[in-house]
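Student: Sharing a structure here in structure tokens format.
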């Protein structure tokens, strides 16, 4: 009677099996998507990317193209170039940039939340709570900015004081985030 293969036997067989055409195509499309992400990066972030010279040349060419057909062909070419390059450093760098973007978005939303809470007339504890969360914040300028923004909202003037309050909060949130790291 034949015995059923064990789990370790099955994994060895899978490691020796040739890669399917579908898997190869998915891998190629993933590399092409990574190349497209490189094209869309802002100039400062793109300059800091760890790219080999041939890939950087291909991406630079694509960044200067405006015709759809030519850009499509260049993206495919970038995908082919990416196959001959180790994608791990690029993948890690793109993931780090994405993480930074998520953290910046979280800080932005926190600053918006605190600004809205400070401007809410019914929330009397907002300044105290913010000072508790951010002990380095100076209470006097914070109170002045809150009063100015409330006056501005009551008179229907432009939103300059609200923006100033937001920037004040965001600056302190950024400095507290930098202190934590």
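In our numbering, the protein residues as written are 6 to 186. Each residue gets a CB set at the ideal place from its N, CA and C atoms; glycine is no exception. From a predicted model like this one, the values you see are computed outputs, not experimental measurements.
#1: Just tell me which of 86, 119 and 107 has its CA closest to the CA of residue 43.
#2: Within the same chain, show all residues whose beta-carbon is closer than 7 angstroms to that of residue 115, passing over the 5 residues directly before and after it, in chain order.
#3: Starting from the C-beta of residue 136, find all residues in its chain whose C-beta is less than 8 angstroms away, skip the five residues before and the five after it, and write them out in chain order.
#4: Put residue 174 into one of helix, strand or coil per three-state DSSP.
#5: Among 139, 140 and 124, whose alpha-carbon lies nearest the alpha-carbon of residue 166?
#6: Considering just the uninterrupted stretch of the alpha helix (DSSP H) at residue 37, what are its terminal residues?
#7: Out of curiosity, what's the CA-to-CA distance linking residue 107 and residue 133?
#8: With burial defined as no fewer than 16 other Cβ atoms inside 10 Å of the residue's Cβ, what is the status of residue 26: buried or exposed?
#9: Taking the C-alpha atoms as reference points, what is the distance between residue 187 and residue 164?
#10: Cutting at 8 angstroms between CB atoms, please list the residues of its own chain near residue 70, excluding the five before and the five after it.
#11: Using C-beta distances below 7 angstroms, list every residue in its chain close to residue 59, excluding the 5 sequence neighbours before and after it, in chain order.
Tutor: In short, the structure shows the following:
#1: 86
#2: 178
#3: 142, 144 and 147
#4: helix
#5: 124
#6: 26–45
#7: 28 angstroms
#8: exposed
#9: Here the chain covers residues 6 to 186 and nothing more, so residue 187 does not appear.
#10: 76 and 79
#11: 86
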